[in-house]
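FYI, the numbering for the sequence shown is 3 to 105, going by the numbering used here. C-beta: ideal position from N, C-alpha, C; glycine also. Fair warning: this is a prediction, and the values are worked out from it, not measured in the lab. Here the structure comes first, spelled out in C-alpha cells, and everything after it is commentary.
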Amino acid sequence: FYKDPIGTLVSRMKIIPRLAQILNTYNNTNNNNKTMQQESLVAMVHILTWICKKSPGAATVIANHSSILPNLMSTTTTTTTTTTTEAILKFICIMARQSRNAA
Numbered sequence: 003f004y005k006d007p008i009g010t011l012v013s014r015m016k017i018i019p020r021l022a023q024i025l026n027t028y029n030n031t032n033n034n035n036k037t038m039q040q041e042s043l044v045a046m047v048h049i050l051t052w053i054c055k056k057s058p059g060a061a062t063v064i065a066n067h068s069s070i071l072p073n074l075m076s077t078t079t080t081t082t083t084t085t086t087t088e089a090i091l092k093f094i095c096i097m098a099r100q101s102r103n104a105a
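In C-alpha cells:
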C-alpha cells in the first residue's frame, strides 16, 4: 500500500465499486440526519477526486460507471450545503480534465 496507494485502492481494494454502492445507499435513504452523511459524502468525493488526479484510466472508469455520476448529480440538486456541492463540482471538473469520456 505504501509504494502505490492508488493502485492498491483501485485494484486490490476495489474502491470504485464500493463507493458506488455507498452512493446508491446514500441516495436511497430518507434520513432526517443528513449532516453526518454529507460529511461522509464530501470525504468520498475527495477520495474519488484523488483517484482521478493520479490515474486517468481510473477517471475513465469512473466516468463510464453506470451509477456514480448520476448519483452525484442528483445529490448536487438535493443538497443544501455549499461544501458538498463545491466538492462534487471540483471532482467533475478534474475528472473531465483527466478523461475525454467524462468531458
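For residue 87, the enclosing alpha helix (DSSP H) begins and ends at 84–100. Straight through space, the alpha carbons of residue 46 and residue 20 are spaced by roughly 10 Å. Secondary structure of residue 76 (DSSP, three-state): helix. A distance of 9 Å or more separates the beta carbons of residue 73 and residue 103. Contact annotation, residue 43 with residue 93: C-beta distance approximately 11 Å; criterion of less than 8 Å not satisfied.
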